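Following: one structure in structure tokens, then a few remarks.
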Amino acid sequence: MIINKYEFSIKNVLIKIIKRSPLIQFIAYKVRNTQYRLKTKNFSDSPKMFNYVEIETVNRCNYGCPFCPVNRKVDPREYKLMDESLFKKIIDDLEQLEYSGRLALHSNNEPFLDKRIESFAEIARKQLPKAYIFLYTNGSLLTVERLLKIIDNIDNIYIDNYDDDLQMSEHVQTIYDYCLNDPKISPKITVELRKQNEVLTTRGGQAPNNEKRKPISLKCIFPWQQVIIRPTGKVSLCCNDAHGKYTMGNVTNQTPAEVWNSAEFKEIRRRMKKQGRLGLDLCMFCDSHGLLTRF
Numbered sequence: 002m003i004i005n006k007y008e009f010s011i012k013n014v015l016i017k018i019i020k021r022s023p024l025i026q027f028i029a030y031k032v033r034n035t036q037y038r039l040k041t042k043n044f045s046d047s048p049k050m051f052n053y054v055e056i057e058t059v060n061r062c063n064y065g066c067p068f069c070p071v072n073r074k075v076d077p078r079e080y081k082l083m084d085e086s087l088f089k090k091i092i093d094d095l096e097q098l099e100y101s102g103r104l105a106l107h108s109n110n111e112p113f114l115d116k117r118i119e120s121f122a123e124i125a126r127k128q129l130p131k132a133y134i135f136l137y138t139n140g141s142l143l144t145v146e147r148l149l150k151i152i153d154n155i156d157n158i159y160i161d162n163y164d165d166d167l168q169m170s171e172h173v174q175t176i177y178d179y180c181l182n183d184p185k186i187s188p189k190i191t192v193e194l195r196k197q198n199e200v201l202t203t204r205g206g207q208a209p210n211n212e213k214r215k216p217i218s219l220k221c222i223f224p225w226q227q228v229i230i231r232p233t234g235k236v237s238l239c240c241n242d243a244h245g246k247y248t249m250g251n252v253t254n255q256t257p258a259e260v261w262n263s264a265e266f267k268e269i270r271r272r273m274k275k276q277g278r279l280g281l282d283l284c285m286f287c288d289s290h291g292l293l294t295r296f
């Protein structure tokens, strides 16, 4: 089991001060821009295939994290639970592709609000044996019973334990204590001790507690990697498009591959290669770095 704790220390304070230096920020910007230019130089408007899929089976979260644009206090979305038949169609389509990339059974939501998530994981695992299947959860609804039902069909469960004092909640503590005594389950669990009121990225200029609105020209490679599927079947631009402002297609009547090669996706990639994030309303204020890591 991996436990990550964000804590106050002189070292961390110094790191923050250095990172905020205008000179360091300028150098970092130039380095990142060069990296993106090299990564996207040979990328076509219709890249071979995506390597990251998120399936949001229910568009709700039970937490009120102020950095999230769809936390339970401000979520403007109409409630939607994905039809089981749609989930199965998506997995069938991915199976036809022999998909072996990353498959997230979450997006901008709490996946364990869906009581079918365990059976969905089983379906995905059976049909996509080579895929890396995982999910993020706040752990509030995760019990030992539910853990045992899902763990054999998933590669990792990332538990974000939100507490401003960085103390483990009762629910997470129970899971933690259980996993310590099970060497088979423990490697599949990652616990993040996080402050609920932390300020993160702007998430496409939509984070409620981050009002930074500085246009950014830096390119992003998400349009060459991600397929983000909402409960309605609509495919959003990227993982930061929590409100679904940009729709690339709909997997209820298209396959993920067809959406991937749609005119909408091609246009986004063309504009990203030419102008970077500028000119795209969702992207121009987004300071996510555009790589498949946690942010």
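Every number in the numbering used here is 1 more than the matching position in the sequence shown, counting from 1.
Yeah, the Cβ is synthetic: ideal placement off N, Cα and C, and Gly gets one too.
Since we're looking at a predicted model, the values are computed, not measured.
Item: Beta-carbon gap between ASN154 and TYR133 smaller than 9 Å; Value: no
Item: TRP225 to LYS90 span [Cα, whole Å]; Value: 23 Å
Item: Classification of LYS220 by the beta-carbon crowding that lies within 10 angstroms, buried from 16 upward; Value: buried
Item: Cβ separation of ASN63 and SER141, assumed to be a contact under 8 Å, to the nearest whole Å; Value: 6 Å
Item: Distance, CYS239 Cα to ASN162 Cα; Value: 24 Å
Item: Buried or exposed by the 16-neighbour rule on C-beta atoms within 10 Å, applied to LEU106; Value: buried
Item: LYS89, DSSP secondary structure in three states; Value: helix
Item: As assigned by DSSP and simplified to three states, the class of ARG61; Value: coil
Item: First through last residue of the alpha helix (DSSP H) which encompasses GLU304; Value: As shown, the chain starts at 2 and ends at 296. That puts residue 304 outside it, with no answer to give.
Item: Three-pair Cβ contact test at 8 Å for the stretch 120 to 139 versus the stretch 95 to 110; Value: yes
Item: Exposure label - THR203; buried when at least 16 CB within 10 Å; Value: buried
Item: Neighbourhood of MET285 by C-beta distance below 7 Å, restricted to the same chain and skipping five residues each side; Value: PRO216, ILE217, ARG278 and LEU279
Item: Proximal residues to ALA243 (C-beta, below 6 Å), its chain only, five neighbours per side dropped; Value: PRO70, VAL71 and ASN109
Item: Pairwise C-alpha distance: ILE92 and LEU148; Value: 22 Å
Item: Selected residue, minimal CA-CA separation from SER170, among ILE124, GLU193 and ILE186; Value: GLU193
Item: Simplified DSSP assignment, three categories, for GLN97; Value: helix
Item: Rounded straight-line distance, which links the Cα of LYS49 to that of SER263; Value: 13 Å
Item: Proximity to ARG117 [Cα-Cα], best of LYS150, VAL145 and PHE135; Value: LYS150
Item: Identified DSSP bridge partners for ASN262; Value: Per DSSP, none; premise fails for ASN262.
Item: Distance cut-off 8 Å: ARG117 Cβ against heavy atoms of the ligand FMN; Value: Although the ligand FMN was asked about, the structure shown includes no ligands whatsoever.
Item: Beta-carbon contacts of MET83 that lie in its chain and below 6 Å, excluding the five residues immediately before and after; Value: THR58 and PRO232
Item: For ILE341: DSSP bridge partner residues; Value: There is no way to answer for residue 341, as the model of the chain reaches only from 2 to 296.
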